[in-house]
Amino acid sequence: MIVTKRTLILTISMLLNVLVALLPGYWWYYSAGGMVVIKDSLFSFYLEFLGKELEIGIIINYILFAFRFYVISVSLYYIYLALKKDVINNYLLITWISYLYLLDPLLFYLLFNYVVGYVTPTKYPLFIIGSQNMTVFYKNIMVTILVESYPTTYYWIALFAGTFNLISRIIISRLSKLS
């Protein structure tokens, strides 16, 4: 069996998908003054409200755990196809999800300023990484809450894998045109 460049690149790309799926932690951490804490990734979710873990997070985790094995299975199957049958298929889920995770803070911005802001005046700053103060006005009382949004090391690994997948897709496409 001769392993071509495109097969090798695809194999590395799919192994990175498997690595990301096997990462045990969360990709991103959000907190609103410690009252609400969200830790999430494509494969795990944690939701805490006023110091108590919510059951919905546990239920979501069961679904995400099954999805983890789906991603691993598809990635390993694509490696099998590449090595045994010289069929090259790219699986770019990790690519798109890792890039879309940068939009999560934008979703929180829209949620707090337009949905929560519809009920009570809220000023939520637009930021991606770091901490900012959110101001909520309720019955002539101003409440300021420290909002935190941080990626974890696992997110940077997923983003690297996603970027590698995208680059490998381009390289494999060009190598396929040459042969």
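Following this note's numbering, the numbering of the sequence shown begins with 327 at its first residue and continues without gaps.
Idealized CB from N, CA, C, for every residue including glycine.
What you are looking at is a predicted structure, and each value in this text was computed from that prediction instead of being measured.
Rounded C-alpha distance that separates residue i from residue j
i       : j       : result
Lys-503 : Ala-487 : 24 Å
Trp-353 : Ile-420 : 12 Å
Ile-483 : Ile-398 : 16 Å
Val-442 : Asn-459 : 16 Å
Ile-385 : Ser-494 : 35 Å
Ser-367 : Leu-501 : 33 Å
Asp-412 : Ile-405 : 9 Å
Leu-390 : Leu-432 : 23 Å
Asn-466 : Thr-446 : 11 Å
Leu-345 : Leu-418 : 14 Å
Thr-470 : Asn-439 : 14 Å
Lys-331 : Leu-429 : 34 Å
Leu-409 : Val-329 : 7 Å
Tyr-444 : Lys-378 : 27 Å
Met-468 : Phe-434 : 20 Å
Thr-333 : Ala-347 : 21 Å
Val-400 : Thr-479 : 25 Å
Leu-285 : Leu-492 : Outside the modelled stretch of the chain, which goes from 327 to 505, sits residue 285, for which no answer is possible.
Same chain, Cβ closer than 7 Å to residue i, five either side skipped, listed in chain order
i       : result
Asn-387 : Ser-370 and Phe-371
Tyr-427 : Trp-353, Trp-354 and Tyr-481
Asn-415 : Tyr-404 and Leu-407
Ser-457 : Leu-472, Val-473 and Glu-474
Ile-382 : Leu-373
Ile-497 : Ile-335
6 Å CB neighbourhood of residue i in its chain, flanking five on each side removed
i       : result
Ile-423 : Leu-368
Ile-364 : Tyr-356 and Leu-373
Environment of residue i [buried if 16+ CB atoms lie within 10 Å]
i       : result
Phe-463 : exposed
Leu-349 : buried
Tyr-403 : exposed
Phe-395 : exposed
Ser-499 : exposed
Thr-448 : buried
Ala-392 : exposed
Thr-461 : exposed
Beta-carbon proximity list for residue i, same chain, < 8 Å, skipping 5 on both sides
i       : result
Leu-380 : Leu-373 and Glu-374
Tyr-425 : Leu-485 and Gly-488
Met-361 : Phe-375, Leu-376 and Ile-471
Phe-490 : Ile-338, Ser-339 and Leu-342
Cβ-heavy atom distance, residue i to the ligand NAP, below 7 Å
i       : result
Leu-336 : The ligand content of the structure shown is nil, which means the ligand NAP is not present either.
I'd like to know if the segment 327-343 and the segment 442-457 are in contact, where contact means that at least 3 CB-CB pairs between them fall below 8 Å. no
What are the complete alpha helix (DSSP H) segments, minimum 4 residues, inside the segment 393-427? 419-426
Under 8 Å: do the segment 344-363 and the segment 467-482 share three or more Cβ pairs, one atom per stretch? yes
Counting only runs of 3+ residues fully inside the segment 444-494, write out the beta strand (DSSP E) ranges in chain order. 456-464 and 467-477
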